[in-house]
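Below is one structure; the comments refer to it alone.
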Amino acid sequence: MDPKFEVLKTVPRAGARYSRTGRLTFQRSEFKTPCLFAPTVRGAIPHLTPDHVAVQPAHVAIEDYIGARGRPSDLLTKGEEQFSKKATALDPLRKSPVLLGLRRLQPVPPAQANSNTGVGIMTTEGFVRLEVPDFYKYAQNTDADVIFTPIDEPTASQDGIPGKTRSQKMVKRAIDWWDALPSTLRHKAVPPAVYGQGWWPQDHYLVSLNTDGYFGLQFATLKEARSRKRKADEGTPDLDENDNIDSLIDIEQIVNRAGANRKPLFYTGNDVHTPQSVLNLVQLGFDVIPNIAPVQASNSGSAFIFNFEKPSGKLAINLWEGFTTDMSGISPDCDCYSCKKIHRAYIQHLLQAGEMSAWVFLQIHNFHTWNKFIVDVQNSIEDETINAKIDEFVAVYGDQDAASKFLAEISMNAILPRETK
1 MDPKFEVLKT VPRAGARYSR TGRLTFQRSE FKTPCLFAPT VRGAIPHLTP DHVAVQPAHV
61 AIEDYIGARG RPSDLLTKGE EQFSKKATAL DPLRKSPVLL GLRRLQPVPP AQANSNTGVG
121 IMTTEGFVRL EVPDFYKYAQ NTDADVIFTP IDEPTASQDG IPGKTRSQKM VKRAIDWWDA
181 LPSTLRHKAV PPAVYGQGWW PQDHYLVSLN TDGYFGLQFA TLKEARSRKR KADEGTPDLD
241 ENDNIDSLID IEQIVNRAGA NRKPLFYTGN DVHTPQSVLN LVQLGFDVIP NIAPVQASNS
301 GSAFIFNFEK PSGKLAINLW EGFTTDMSGI SPDCDCYSCK KIHRAYIQHL LQAGEMSAWV
361 FLQIHNFHTW NKFIVDVQNS IEDETINAKI DEFVAVYGDQ DAASKFLAEI SMNAILPRET
421 K
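Next comes the structure, spelled out in structure tokens:
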């Protein structure tokens with residue numbers, strides 16, 4: 001069965017594109033969009049197993065299965081059944097969609113720069129460069145529902161934002177790596193990579209996609225577009241005449257030139273750290289968005305306590321200190337296993353004692369909170385209240401920059417040595 005995508009409901013917004021719901025259907029599963037997908041390490045979501053929490057779509061990285069000198073694990077060479085049963089710990093019945101990429105969602109900058117034919121990766125035994133045709137060969141031996149084409153990430157550029165020459169090279173490699181896709185993968189869900197650096201440097205590439213019968217678009221990053229937008233807002237006079245500085249950050253032009261208005265939009269950037277980031281992407285029409293924030297928060301001893309339907313209080317709390325005698329649940333409005341069975345003081349004790357169960361309880365809670373959040377977003381699009389609810393949410397918890405700053409501050413409790421506080 002070929003993958004399918006159907007747009008269900010669209011809600012426009014002035015100054016943005018629109019929010020929309022849709023349905024992605026694969027051979028073994030289907031799910032409603034907009035949706036979040038979780039990061040994995042060697043096929044497992046950190047601290048979780050499928051019996052802990054309902055597993056959402058998950059991202060699996062090929063680099064986790066590459067060994068010394070670029071040798072692949074047997075799991076990548078013995079066929080789909082082997083990979084499905086032994087390479088992931090997501091769902092014994094294999095109903096959870098798997099999104100396959102070359103690198104992790106938060107990749108370690110490689111010691112070897114990308115070449116015109118290969119991508120620098122960090123394997124279990126060091127850094128190597130994996131050739132793009134080899135990635136496609138290994139991808140064919142998996143039963144992934146979505147396969148992301150490789151991204152030419154600018155690791156040496158300031159803030160991950162490429163210069164003009166580097167941008168041109170990225171587009172050239174995107175074209176070459178898309179052309180290298182074997183015919184055996186053309187009928188699968190393989191969204192080609194595009195960049196949020198303006199539509200004009202990649203116009204020829206975008207127009208050529210119209211005839212390729214591709215499945216959706218993969219936006220690798222919007223960092224440069226956001227940087228240009230911020231400079232324009234600050235009145236920095238270093239924008240050339242082609243720069244699009246409005247809040248659409250070139251998404252509309254890119255989607256139109258590629259003929260992708262009715263195709264799914266995937267975002268694979270590693271800069272989605274707050275619910276405000278997700279809401280911004282939803283308003284730009286993105287359908288599938290990475291869910292990195294719960295893992296980051298759990299690792300730092302933090303718990304999200306926000307509520308999209310009834311926003312109030314704080315966005316999150318850090319449980320390392322200050323809750324020694326607090327016998328209330330992690331979040332007063334949450335009905336997850338952690339909130340029903342344990343209290344804040346117990347989590348604080350587990351963190352101080354270094355007990356691994358502390359991070360398990362936090363991970364269960366944080367993923368439950370974010371799963372409920374995206375369902376509430378879907379429902380608000382269906383009843384056309386999404387724009388008003390986003391405005392209310394931002395009024396209570398702050399915008400994306402304020403939320404990022406707040407989360408960074410409370411996470412310092414886990415980073416600073418105990419004796420220095």
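Each residue of the sequence shown is one higher than the one before, counting from 1 in the UniProt record's numbering.
Ideal Cβ placement from N, Cα and C applies to all residues, glycine included.
Nothing here was measured: the structure is a model prediction, and the numbers come from that model.
Which residues in the same chain as G398 place their Cβ atom closer than 6 Å to its Cβ, once the five residues preceding and following it in sequence are excluded?
For the purposes of this step, residue 398 is taken as the residue at position 398 of the sequence shown. Within the same chain, G398 has no close Cβ partners at all.
Using the three-state DSSP reduction, which class does M122 fall into: helix, strand or coil?
Mapped onto the sequence shown, residue 122 falls at position 122. In the structure shown, M122 sits in a strand (DSSP, three-state: E or B).
Quick check: the Cα distance between V288 and I342, rounded to an integer number of angstroms?
Here residue 288 corresponds to residue number 288 of the sequence shown, with the count starting at 1. Here residue 342 corresponds to residue number 342 of the sequence shown, with the count starting at 1. Roughly 33 Å between the two C-alpha positions.
With DSSP collapsed to three states, give me the class of E131.
Numbered from 1 along the sequence shown, position 131 holds the residue referred to as residue 131. Strand at E131.
Residue 455 bridges to which residues according to DSSP?
There is simply no residue 455 to check, as the chain begins at 1 and stops at 421 in what is shown.
Mind checking which residues open and close the beta strand (DSSP E) that includes C334?
Locating residue 334 in the sequence shown gives position 334, where the first residue counts as 1. Taken as a continuous stretch (DSSP letters only), C334 belongs to no beta strand (DSSP E), as it is neither H nor E.
Please classify A395: is it buried, with 16 or more other beta-carbons within 10 angstroms of its beta-carbon, or exposed?
Sequence index remark: in the sequence shown, residue 395 carries index 395 (1-based). Result: exposed.
With burial defined as no fewer than 16 other Cβ atoms inside 10 Å of the residue's Cβ, what is the status of M122: buried or exposed?
As a first step, residue 122 must be located in the sequence shown, where it is residue number 122. Classification for M122: buried.
Got a sec, what are the start and stop residues for the beta strand (DSSP E) I289 sits in?
The residue given as residue 289 occupies position 289 in the sequence shown. That run of the beta strand (DSSP E) goes V288 to P290.
Taking just the CA atoms, how far does T21 sit from A232?
The residue labelled residue 232 in the question sits at position 232 within the sequence shown. The residue labelled residue 21 in the question sits at position 21 within the sequence shown. Low local confidence applies: a pLDDT of 49 at A232 is under 50, so the model's placement there is unreliable, and no value is given.
Once DSSP output is grouped into helix, strand and coil, what is the label at E153?
Position 153 of the sequence shown holds residue 153. DSSP places E153 in coil when its eight states are reduced to three.
Provide the residue(s) that pair with S302 in DSSP beta bridges, ordered along the chain.
Here the question's residue 302 lines up with position 302 in the sequence shown. Bridge partners of S302: N318.
What's the call for N307, buried or exposed, on a 16-neighbour Cβ count within 10 Å?
The residue labelled residue 307 in the question sits at position 307 within the sequence shown. When all chains shown are included, N307 counts as buried.
Could you spell out where the beta strand (DSSP E) holding Q218 opens and where it closes?
Here residue 218 refers to the residue found at position 218 when the sequence shown is read from its first residue. Counting along the chain, the beta strand (DSSP E) containing Q218 begins and ends at L217 to F219.
Since L99 is in the beta strand (DSSP E), which residue starts that stretch and which ends it?
Counting from 1 along the sequence shown, the entry for residue 99 is found at position 99. From DSSP, the beta strand (DSSP E) with L99 extends over V98 to G101.
Counting pairs of Cβ atoms below 8 Å between the region 303-318 and the region 62-81, do you hit three or more?
No: the two stretches stay apart, fewer than three of their Cβ pairs being nearer than 8 Å.
Quick check: the region 274-294 against the region 30-48, are there 3 or more CB pairs under 8 Å?
Flag = yes, the region 274-294 and the region 30-48 touch.
Pull up the distance between the alpha-carbon of P3 and that of T25, whole angstroms please.
The count along the sequence shown starts at 1 and reaches residue 3 at position 3. The count along the sequence shown starts at 1 and reaches residue 25 at position 25. So the alpha carbons of these two residues sit roughly 6 Å apart.
In chain order, what residues of the same chain lie with their CB nearer than 7 Å to the CB of F361, ignoring the 5 residues before and after it?
Sequence index remark: in the sequence shown, residue 361 carries index 361 (1-based). Only S338, I342 and I347 meet the Cβ criterion.
Just verifying my parser: in three-state terms, what is the DSSP assignment at R20?
Counting from one through the sequence shown, the residue named residue 20 turns up at place 20. Strand at R20.
Does the structure place the region 370-385 close enough to the region 254-269 that three or more beta carbon pairs sit under 8 Å?
Too few Cβ pairs lie closer than 8 Å, so no.
Please state whether DSSP places V190 in a helix, a strand or coil.
Residue mapping note: residue 190 aligns to position 190 of the sequence shown, counting from 1. V190: coil per DSSP, three-state reduction.
Distance check for L181 and K405, CA to CA, integer angstroms please.
To locate residue 405, count along the sequence shown from 1; it is residue 405. To locate residue 181, count along the sequence shown from 1; it is residue 181. Spanning the two alpha carbons is a distance of roughly 41 Å.
Using 9 Å as the threshold, is the C-beta distance between F266 and F148 below it?
Here residue 266 refers to the residue found at position 266 when the sequence shown is read from its first residue. Here residue 148 refers to the residue found at position 148 when the sequence shown is read from its first residue. A contact, by the Cβ cut-off of 9 Å.
Who are V41's beta bridge partners in DSSP?
For this step, residue 41 is matched to residue 41 along the sequence shown. For V41, which the question treats as bridged, DSSP gives the partners A44.
If you run the structure through DSSP and keep just helix, strand and coil, what is F266?
Sequence index remark: in the sequence shown, residue 266 carries index 266 (1-based). F266 falls in the strand class under three-state DSSP.
Quick check: the Cα distance between V7 and E125, rounded to an integer number of angstroms?
Position 7 of the sequence shown, counting from 1, holds the residue named residue 7. Position 125 of the sequence shown, counting from 1, holds the residue named residue 125. Using only the alpha carbons, I get a separation of about 43 Å.
Contact criterion: CB-CB distance below 9 Å. Does A38 meet it with respect to chain B?
Absent from the structure: chain B. Only one protein chain is present.
Under DSSP, the alpha helix (DSSP H) around T165 begins and ends at which residues?
Here residue 165 is taken as the residue at index 165 of the sequence shown, counted from 1. Counting along the chain, the alpha helix (DSSP H) containing T165 begins and ends at K164 to D179.
So, helix, strand or coil for V146, using DSSP?
On the sequence shown, position 146 is the one that residue 146 refers to. Here V146 sits in strand by DSSP.
Going along the chain, which residues of its own chain have a beta-carbon closer than 8 Å to the beta-carbon of D240, five neighbours each way excluded?
To locate residue 240, count along the sequence shown from 1; it is residue 240. With a pLDDT of 44 at D240, under the threshold of 50, the modelled position of this residue cannot be trusted; read the value that follows with caution. Answer for D240: no residue qualifies.
Using the Cα positions of I161 and E384, report the straight-line distance between them to the nearest angstrom.
Numbered from its first residue, the sequence shown carries residue 161 at position 161. Numbered from its first residue, the sequence shown carries residue 384 at position 384. Roughly 36 Å separates the two Cα atoms.
Helix or strand or just coil, what does DSSP make of L36?
Mapped onto the sequence shown, residue 36 falls at position 36. Here L36 sits in strand by DSSP.
Can you pull the DSSP bridge partners for F406?
On the sequence shown, position 406 is the one that residue 406 refers to. DSSP output for F406 lists no bridge partner at all.
Determine the extent of the alpha helix (DSSP H) in which E392 is found, giving its start and end residues.
Here residue 392 refers to the residue found at position 392 of the sequence shown. E392 -> alpha helix (DSSP H) spans I386 to Y397.
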